[in-house]
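Shown next, in structure tokens, is the structure this report addresses.
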Amino acid sequence: MKCPLFTGLSFLILPSIEPPRVQFIVKLIEANGGSMVDSLINDTVILINDTFVESHTLRKSELFHSEWSYDEELWYKLVSNEQLEFFKLSWLSECLKHQKLLDKADFRARLMEEDNGNSNSPHVDAISIETQSSAEDTEVEDQTLDFDVQTELLKSDANVMASQSVIEDTSESKSTVKPNLALTRALEQLFKKYRLQGDTYRARGYQLALQSIESHDKAITSEQEALSLPNIGPSIASKIQTILKLGSLPGLNEADKNEELLDYFMACHGVGAQTARKWVSNGITSLTEALKAYPSDFTWNVLFGWRFYEDWSVKIPREECADHLALMEKALRDVDSSARIVLTGSYRRGAATCGDIDTVLYKPGCDDIWTLSQILEKLVLRLKGMNYIRCPLNLNHALGQEFKPMIETLTHAAGFHESYVSGPKEVLKKFYFGGKLPSNTTHGLSKTEQQVPRLKFEDSLMSESDQNTHCRRVDILLSRWSQLGAVMIYFTGNDDFNKSLRIRATKRGWKLSNNGLYQSNANTEKKDLLIESFDERRIMSLLGVVWCPPEERNIKGYI
DNA sequence: AGGCTGTACTG
DNA sequence: CAGTAC
DNA sequence: GCCT
DNA sequence: GGTTG
DNA sequence: CAACC
């Protein structure tokens, strides 16, 4: 008498042992001395139902998860543990058929579907970083790497000033003296001009030069003096020379019809520099004309941009952001009581008015994007049901179905007849949309009427505007629990603050993104190694930046 | 000469 | 892939 | 555009 | 006790 | 949720 085949082995079968076929196999396992478990015991053999495996990789993950019959905790453990191995359930059937334990190698499977980015283990401690340990916690720049400490210090001092003045600037700024007004005005014009033309880096060049001059509180009197400032090179210095001599830069003050038009078009969500430039250079002067001449430029995204053109050019009072949050929080509680949504962006930086409403959605302990995505989907559905969401700006497959009627109404209004086909993506990592509070919630009637782009009359037919409440741009970004710090940094900004951090990361051979701080392995085919992604403070500290609260991240230029 | 923040979504 | 947006 |  | 990770 | 302020 031999021992039964599976004596002493424990098995875990995913995603569920409910299906009759699996039930049958379970009986066979137990008949052969094996045991079933529903959590991770030592040396448990983890098997995946073959219907969910294709070429050693998980497929039909949507179905897989809807059939999941274990607790969320287990899923979390399975995805986060890099050591674990998974095999196809057919291995077991084969063993039974041959009455012996076969080599499992051919039956190997991976749990993560497509995941071409980085699957990270949440609880990993930072890899050893002895090579640059000095930055940790001592809030001092390490001397070894910085040959340009002086410049850096100068710049950062200047930026502290700049950011403070920005905060106070919200009301009045007569205390600030501007000795180089002629220069900064010209540079600003050049910056705008090149940005409008889509010449990003030239524009950036002028923007940085502009900021250099703004933070230089003495009047500039010579080309030489200008040249000595950071980000001012021969070309700009010579232009400055000209301005000093003639009082202005020839051919710059004429208000340019084309630039105005570019501005007009680019204020529409979805219309960028390339598209606008194409239209303008072909003599188009209104959205209506553009629609006729270039219908294919008008994706449903752009059409929504058009519909809410005016609403989305209006700043949002800080208090209203909180109202939006409250509304979403309430809906979220019904979807998943442990999930959280928080305000980031300019709101978190303390701004009195915000261009849009940025939020981050997460669930403590949850690193599984699929779960988070489900929560987001349900939340969106509820918000849509409340008539809060007035238009989506990106979709996955499921939501594509839900919003199909809305989108088709829109494209039909624009004169298109093809029906909308939703994309194939299953998971939502973010959701951008237009949201409008119920009219009784109206906060302060904006008494500070801002100067705002208005649609030309002939373009106003596609638009929807309402004096009482505005439709607002709202962004929801998902965050894995283990990456919350990196996501908060990214989505709190501001842009220049992010650029600064990311440049500092590159200088150290690292890579900072919304996913975390990694040691970049660009050439070697190995995956980037995680340094830190959870702790906002530690990321900044590793990059040699003294921790600062969001209100102080309102910087201009680099730190 | 080549970089300039780095990533996700649309069509 | 280009274009757009964050 | 400027910087390395 | 609310905020942050 | 747990640790923190």
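Just so we're aligned: the first sequence equals residues 8 to 566 in the working numbering. We treat Cβ as the ideally placed atom computed from N, Cα and C, and that holds for glycine.
For proline 460 and leucine 550, what's the separation of their Cα atoms in angstroms? In this structure, the straight-line span from the alpha carbon of proline 460 to that of leucine 550 is close to 40 Å.
According to DSSP, is proline 399 helix, strand or coil? strand
Cα separation between tryptophan 377 and serine 255? 58 Å
So serine 489 and phenylalanine 541 are supposed to be a Cβ contact under 8 Å. How far apart are they, rounded? 5 Å
Of all the options Ala359, Asn501, Ser527 and Ile55, which has the alpha carbon lying nearest to the alpha carbon of threonine 513? The residue with the shortest Cα to Cα distance from threonine 513 is Ser527.
Compute the beta-carbon to beta-carbon distance between arginine 117 and phenylalanine 94, rounded to the nearest angstrom, for a pair I have assumed lies under 8 Å. That belief does not hold up - the Cβ atoms of arginine 117 and phenylalanine 94 are roughly 11 Å apart, past 8 Å.
Answer yes or no: do isoleucine 382 and valine 342 have a C-beta to C-beta separation smaller than 7 Å? yes
Do you know whose CA, among Ser429, Asn522, Pro241 and Asp270, lies nearest phenylalanine 410's CA? Selected option, being the one with the closest Cα: Ser429.
Answer with buried or exposed for arginine 544, where buried requires no fewer than 16 other C-beta atoms within 10 angstroms of its C-beta. exposed
Do the segment 487 to 504 and the segment 319 to 328 meet, that is, are 3 or more Cβ pairs less than 8 Å apart? These segments do not touch.
Just the Cα atoms here: how many angstroms apart are arginine 209 and arginine 202? C-alpha separation (whole angstroms): 8 Å.
Could you pull out every residue in the same chain whose Cβ sits closer than 6 Å to the Cβ of serine 180, ignoring the five residues on either side in sequence? In this prediction, serine 180 has a pLDDT of 40, which is less than 50 and means its spatial position is unreliable; nothing more can be read from the coordinates.
Given cysteine 478, which residues of its chain have a CB within under 6 Å of its CB, disregarding the five upstream and five downstream residues? Excluding residues within five positions, the ones whose Cβ falls inside 6 Å are Phe315, Asp318, Arg397, Gly441 and Lys443.
With DSSP as the reference, identify every bridge partner of methionine 273, one or two as the case may be. Answer by DSSP bridge pairing: none, since methionine 273 is not bridged.
Contact between the segment 190 to 198 and the segment 249 to 269 (3+ Cβ pairs under 8 Å): Here the segment 190 to 198 lies against the segment 249 to 269, with 3 or more beta-carbon pairs under 8 Å apart.
What runs of the alpha helix (DSSP H), each 4 residues or longer, lie entirely inside the segment 230 to 293? 230 to 234, 241 to 253, 264 to 273 and 280 to 288
Comparing the CB of serine 527 with every heavy atom of the ligand MN, is any distance shorter than 6 Å? The model depicted lacks the ligand MN and carries no ligand whatsoever.
What are the start and end residues of the alpha helix (DSSP H) that includes phenylalanine 423? Note, phenylalanine 423: premise wrong, no alpha helix (DSSP H); not H, not E.
Which partner residues of glycine 523 appear in the DSSP bridge assignment? Ser520
Evaluate the contact criterion for the segment 336 to 356 versus the segment 546 to 565: three or more CB pairs, one atom per stretch, below 8 Å. Yes: at least three Cβ pairs fall under 8 Å.
Contact between the segment 286 to 306 and the segment 402 to 416 (3+ Cβ pairs under 8 Å): no
Using a Cβ-Cβ cut-off of 7 Å (strictly less than) and excluding sequence neighbours within five positions of tyrosine 497, which residues of its own chain qualify? Here tyrosine 497 has Asn505 and Asn521 as same chain residues with Cβ atoms under 7 Å from its own Cβ, once five neighbours each way along the sequence are excluded.
Got a sec? Which residues, its chain only, sit under 7 Å from tyrosine 271 by beta carbon, not counting five neighbours each side? Pro460
Looking only at DSSP bridge pairs, what is valine 481 linked to? Ile364 and Phe440
Cβ-Cβ distance between threonine 366 and isoleucine 483 below 7 Å: yes
Which residue or residues does DSSP assign as beta-bridge partners of lysine 432? According to DSSP, which records beta bridges pairwise, lysine 432 is partnered with nothing at all.
Helix, strand or coil for alanine 300? Go by DSSP, reduced to three states. Looking at alanine 300 - three-state DSSP - the assignment turns out to be helix.
According to DSSP, simplified to helix, strand and coil, what is tyrosine 369? Correct three-state label for tyrosine 369: strand.
I'd like to know whether the C-beta atoms of serine 380 and leucine 435 end up nearer to each other than 7 Å. yes
Rounding to the nearest angstrom, what Cα-Cα distance links glutamine 106 and glutamine 90 in this structure? 28 Å
Using 10 angstroms around the beta-carbon of tryptophan 307, count the other beta-carbons present and answer buried if the total reaches 16, otherwise exposed. Taking all protein chains shown into account, tryptophan 307 has 16 or more neighbouring C-beta atoms within 10 Å of its C-beta and is therefore buried.
DSSP has leucine 54 in a bridge; who is on the other side? Listed as beta-bridge partners of leucine 54 by DSSP are Ile20 and Phe94.
Which residues in the same chain have their Cβ closer than 7 Å to the Cβ of valine 33, if we skip the five residues on either side of it in sequence? Ile24 and Met43
Alpha carbon to alpha carbon, what distance is there between glutamate 384 and lysine 391? 10 Å
Beta-carbon proximity list for valine 309, same chain, < 8 Å, skipping 5 on both sides: Cys275, His276, Gly277 and Val278
Measuring only the C-alpha atoms, how far is serine 46 from leucine 402? 35 Å
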